[in-house]
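Q: Here it is, the structure, as structure tokens.
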Amino acid sequence: MRDVAAKAAENAARMAALFHVLEHNPTSAISSEEIQAAGRNVRWHLNEAWRLLADMNTPTALASAIRFDAWLCNEALANNSDHVPTKRIYQFGPNCVRDSRDLRAALAILAERGRAQLQKVGRRRVVVINPALLGDQS
15 MRDVAAKAAE NAARMAALFH VLEHNPTSAI SSEEIQAAGR NVRWHLNEAW RLLADMNTPT
75 ALASAIRFDA WLCNEALANN SDHVPTKRIY QFGPNCVRDS RDLRAALAIL AERGRAQLQK
135 VGRRRVVVIN PALLGDQS
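The opening residue of the sequence shown carries number 15 in my numbering; numbering runs sequentially from there.
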């Protein structure tokens, strides 16, 4: 990560120059707005690099639970529901939880943290998401 961050200022300066050349005359001065836009762009890329590199150090089971948790919340919000059937998870969920053992491992982590839990509704199994994570949805 250190080598990526070390080049940030140089990359921001190059981007500002590119923004300027694309919009204006290459011989005029680079504006502070172009420098700020380049800085925002470089900052976003640094955050992405950190996120991706940090993900490499995360244990596989925890990384799967994190991905699954984000997918569950998005799925529940999209369907205006506080639960997702396991059948839907196996069909459309992240690949990291489409195997029953992997799903159980991710659910164990999420249940331990009070984020989601497996329940039986009649003959169907559903994953119920903690309503506090969904705001006013339920």
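Every residue, glycine too, gets a C-beta built ideally from N, C-alpha and C. Remember, predicted model here, so these are calculated numbers, not experimental data.
1) In whole angstroms, give me the CA-to-CA distance for Arg112 and Thr100.
2) Can you give the Cα-Cα distance for Asn61 and Ala22, rounded to whole angstroms?
3) DSSP state of Arg137, grouped into three classes?
4) Exposed or buried, what is Asp78 when buried is set at 16 or more other beta-carbons lying within 10 Å of its beta-carbon?
5) Can you check the segment 15-101 for any alpha helix (DSSP H) of at least 4 residues that lies completely inside it and give the ranges in chain order?
6) Using the C-alpha atoms, what's the distance from Ala130 back to Glu47?
7) What's the call for Val135, buried or exposed, on a 16-neighbour Cβ count within 10 Å?
8) Count the other C-beta atoms from every protein chain shown that fall within 10 angstroms of the C-beta of Gly107, then say buried if there are 16 or more, exposed otherwise.
A: Answer, in terms of the structure:
1) 9 Å
2) 11 Å
3) coil
4) Position check: residue 78 holds Ser in this sequence, whereas Asp was assumed. The residue is buried, with at least 16 neighbouring Cβ atoms inside 10 Å.
5) 16-20, 22-37, 46-70, 74-92
6) 44 Å
7) exposed
8) buried
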